[in-house]
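**Student:** One structure is given below, represented as C-alpha cells, and several questions about it will come after.
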Amino acid sequence: MSTIAPAVPSPSTPKKRIIFLDVLRAYAIMMMLQGHFVDTMLGTQYKNPDNPIYATWFFFRGMTAPIFFFVSGAIFVFLMLKDSRPWQQNVRVQKGLRRVGLLLFLGYALKWNIASVLILNFFPSMFVVDVFHIIGLAILMVILVFILHKTTGWSLPLMYLVLALSVFTIAPDVKEADWSFLPGFLQNYLTYDNGSTFIIFPWIGFSLFGAVLGWHMHHRPDFYHSVWAPIVLLVAGLWLHFCTSLALSNLYNLTHIEQLKQLMWNNTPFWRLGHVLVVFAIFIWLTRVFNKIPALIMKVGSETLVIYSVHYVLLYGTWFGVGIANLGRDTWSPWMTALGAICFVASFVYLIYRIEDIRRLLYEVIPFHTKAIIRLLRRKFRRFCQDNRHLLETVIASKLL
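Going by my numbering, the final residue of the sequence shown carries number 402, and the count climbs one at a time with no gaps.
Listed below in C-alpha cells is the structure:
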C-alpha cells in the first residue's frame, strides 16, 4: 500500500515552504517526459515548424530546460540560506557538494552501455554533456559564490546577478570560439559540436538567476504569498519577452560594446528567462486559487532525479541497448505518439505513487531475504563439510599424493 499522504492544504503550509516550487518542478518533469518521448518517436515528416500544432508544442517544450535550471538554483539557495551557521558547518553546502558529484557521475553513467563498458569500449557519445552535468556545475558555482560571500561579506544576490548577466553576455562568444585545443570531454562543456545537449554558457546563467530569486524568497517569503508576487513576475517576464531586443539595441548605441550587438540578434536566453518568470507567476497564482495541492503532485516534484534517470534508460535504452526508441524511432504517427506520451507520463506518475514501496522492496525486503538465503546456504555448506569430512580429507590427500 502506498505511503502517499492525503492532499495538503497550501494556505496552512508554513511560510518557510514555497509550495509553488514543488508544483512547478512536477510540471517541468512531466513536460520533460512527454517532450523527450514525442521528440524521439514522432515521425520526421510531422516535425514541421510551419504546422501550428507542432510549433506550439515545440515552443512550450523549449521552456522545460530553463525552468529546470532556474528552479534548481532557486530551491538550492532558498534551502542553503536557512542554515545560518558558517559555511563549513552548513548542511546544505555539504549535501550540495555530494549532489554535484552524484549528478556528474549520473550524467555520464546514464549514457554508458554496460556491455561496452565491460570490455572498455567507450564511444564519444558516452561523454557528451547533458542536463545533469550542467545542473551539477550550477550548484557548484552557487556554493562557491556563497562561500565567497561568507568569506568577504560581499552582497550575495549582487554576485549571483552579475555572474548570471555575464554568463548570458559572453555566451555568443563562447559558442563561436574554437575549443579544439581542449580534450574532447572538456570541449563538450563549451560547444554543441560534439553532440552535447546543454553547455555551460548560457545554461548555467538560468540557475544563477534562480539563485537571486531563491535569496529573495528566503528574505521575503511573505511576498510570495501575496497578490503582488505573480503581478511583479508577470510584468518582468513580459518585459524580458517584448523589450530586451530594444533595450540591448539602445545599450549598444550608447556604449558600442560588441557583445551587446551580438546579444541583440541572439537574445534567446533573456527571452526564455522572461517565459520562466511568466510561468512562475502563473503557478504562484494557481497555488493560491486551488487551496489543496494533491500530495502526489508534490511527491512527483520532489523525485525529479529518479524520474529523469529511469526515463533516460527506459526511453533511449542506453544501458542494455534496448529501449522504447527501438520500437520505431522517428516513425510514429501523431495520434500514436500522443497516446504513447500519455501512457509514458502516466507510468512515471504511478512509479512515484509506489516509490516508497519500491524503495522498501529494494533496500529492506530484498536485502533481508538475500541475507537469509546466504545464511541458510552457509549453514548447509558447513553441515555438508562436517558430514563428509572424512571423504573430503581422502580426496584432498589423494590429490596431494
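Ideal Cβ positions, reconstructed from N, Cα and C, are used throughout, including at glycine.
(1) To the nearest angstrom, how far is it from the Cα of residue 233 to the Cα of residue 314?
(2) Report yes if the C-beta distance between residue 141 and residue 101 is below 8 Å; otherwise report no.
(3) Using a Cβ-Cβ cut-off of 7 Å (strictly less than) and excluding sequence neighbours within five positions of residue 200, which residues of its own chain qualify?
(4) Would you list the one or two residues that DSSP bridges to residue 333?
(5) Could you tell me which of 248, 93 and 50 sits nearest to residue 74, measuring between CA atoms?
(6) Please identify the residue among 334, 384 and 378 whose C-alpha is closest to the C-alpha of residue 46.
(7) Please classify residue 322: is it buried, with 16 or more other beta-carbons within 10 angstroms of its beta-carbon, or exposed?
(8) If you count every other CB in all the chains shown that lies within 10 Å of the CB of residue 56, and 16 or more means buried, which is it?
(9) Starting from residue 260 and walking both ways along the alpha helix (DSSP H), at which residues does that stretch end?
(10) Just list the beta strand (DSSP E) runs in the stretch 169-250, keeping only unbroken ones of 3 residues or longer that don't cross its boundaries, in chain order.
(11) Helix, strand or coil: how does DSSP classify residue 121 here?
(12) At a threshold of 7 Å, does residue 310 count as lining the ligand NAD (C-beta to nearest heavy atom)?
(13) Taking the C-alpha atoms as reference points, what is the distance between residue 97 and residue 204?
(14) How far does the alpha helix (DSSP H) with residue 1 in it reach, from first residue to last?
(15) From residue 34 to residue 153, what distance separates their C-alpha atoms?
(16) When the Cα atoms are used, what is the spatial distance from residue 206 to residue 166?
(17) Please report the straight-line C-alpha distance between residue 137 and residue 105, rounded to a whole angstrom.
(18) Over what stretch of residues does the alpha helix (DSSP H) that includes residue 57 continue unbroken?
(19) Quick one, are the C-beta atoms of residue 78 and residue 26 less than 8 Å apart?
(20) Along the alpha helix (DSSP H) that carries residue 326, what are the first and last residues, could you check?
(21) Within a Cβ cutoff of 6 Å, which residues of the same chain sit near residue 17, ignoring the five residues on either side of it in sequence?
(22) Can you tell me whether residue 257 is buried or exposed, with buried defined as 16 or more other CB within 10 angstroms of its CB?
(23) Considering just the uninterrupted stretch of the alpha helix (DSSP H) at residue 87, what are its terminal residues?
(24) Quick one: Cα of residue 218 to Cα of residue 212, how far?
(25) What does the Cβ neighbour count give for residue 185, buried or exposed, with the cut at 16 atoms within 10 Å?
(26) Roughly how many whole angstroms lie between the Cα atoms of residue 188 and residue 329?
**Tutor:** To lay it out plainly:
(1) As a first step, residue 233 is located in the sequence shown; it is residue number 232 there, counting from the start. As a first step, residue 314 is located in the sequence shown; it is residue number 313 there, counting from the start. Near 40 Å, if we compare the C-alpha coordinates of residue 314 and residue 233.
(2) Translated into the one-based positions of the sequence shown, residue 141 becomes position 140. Translated into the one-based positions of the sequence shown, residue 101 becomes position 100. Closer than 8 Å, so yes.
(3) As a position in the sequence shown, residue 200 is number 199, starting the count at 1. Answer for residue 200: 130, 190, 191, 192 and 193, listed in chain order.
(4) Within the sequence shown, residue 333 is the residue found at index 332, counting from 1. DSSP, once it has assigned bridges, lists 43 as partnering residue 333.
(5) Reading the sequence shown from its first residue, position 73 is the one you call residue 74. The residue with the shortest Cα to Cα distance from residue 74 is 93.
(6) Taking the sequence shown and counting its residues from 1, one reaches residue 46 at position 45. It is 334 whose Cα lies nearest to the Cα of residue 46.
(7) As a working note, residue 322 is residue 321 in the sequence shown. Exposed, because fewer than 16 other Cβ atoms sit within 10 Å of the Cβ of residue 322.
(8) Sequence index remark: in the sequence shown, residue 56 carries index 55 (1-based). Exposed is the call here.
(9) For the purposes of this step, residue 260 is identified with residue 259 of the sequence shown, where counting begins at 1. Taken as a continuous stretch (DSSP letters only), the alpha helix (DSSP H) holding residue 260 covers 259-266.
(10) none
(11) To locate residue 121, count along the sequence shown from 1; it is residue 120. Residue 121: coil per DSSP, three-state reduction.
(12) The ligand NAD is not part of the structure shown, which contains no ligands of any sort.
(13) Along the sequence shown, read from residue 1 onward, the residue named residue 97 stands at position 96. Along the sequence shown, read from residue 1 onward, the residue named residue 204 stands at position 203. Whole-angstrom Cα-Cα distance: 19 Å.
(14) It is not possible to answer for residue 1, since the shown part of the chain is limited to 2 through 402.
(15) Position 33 of the sequence shown holds residue 34. Position 152 of the sequence shown holds residue 153. One C-alpha to the other measures close to 42 Å.
(16) Position 205 of the sequence shown holds residue 206. Position 165 of the sequence shown holds residue 166. Cα-Cα distance, rounded: 7 Å.
(17) Numbered from its first residue, the sequence shown carries residue 137 at position 136. Numbered from its first residue, the sequence shown carries residue 105 at position 104. The alpha-carbon atoms of residue 137 and residue 105 are separated by roughly 6 Å.
(18) Locating residue 57 in the sequence shown gives position 56, where the first residue counts as 1. That run of the alpha helix (DSSP H) goes 53-62.
(19) In the sequence shown, residue 78 corresponds to position 77, counting from 1. In the sequence shown, residue 26 corresponds to position 25, counting from 1. For residue 78 and residue 26, no; Cβs fall outside 8 Å.
(20) By 1-based counting over the sequence shown, the position of residue 326 is 325. Per DSSP, residue 326 belongs to no alpha helix (DSSP H) and is neither H nor E.
(21) Translated into the one-based positions of the sequence shown, residue 17 becomes position 16. At residue 17, the pLDDT of 46 sits below 50, so the modelled position is not reliable; the number obtained from the coordinates is stated separately. Answer for residue 17: no residue qualifies.
(22) Here residue 257 is taken as the residue at index 256 of the sequence shown, counted from 1. Classification for residue 257: exposed.
(23) Translated into positions along the sequence shown, residue 87 becomes position 86. Element bounds for residue 87: n/a, residue is neither H nor E.
(24) Position 217 of the sequence shown, counted from the first residue, corresponds to residue 218. Position 211 of the sequence shown, counted from the first residue, corresponds to residue 212. Answer to the nearest angstrom: the Cα atoms are 10 Å apart.
(25) Sequence index remark: in the sequence shown, residue 185 carries index 184 (1-based). Classification of residue 185: exposed, given that the 10 Å Cβ count is below 16.
(26) For the purposes of this step, residue 188 is identified with residue 187 of the sequence shown, where counting begins at 1. For the purposes of this step, residue 329 is identified with residue 328 of the sequence shown, where counting begins at 1. Going from the Cα of residue 188 to the Cα of residue 329 covers about 32 Å.
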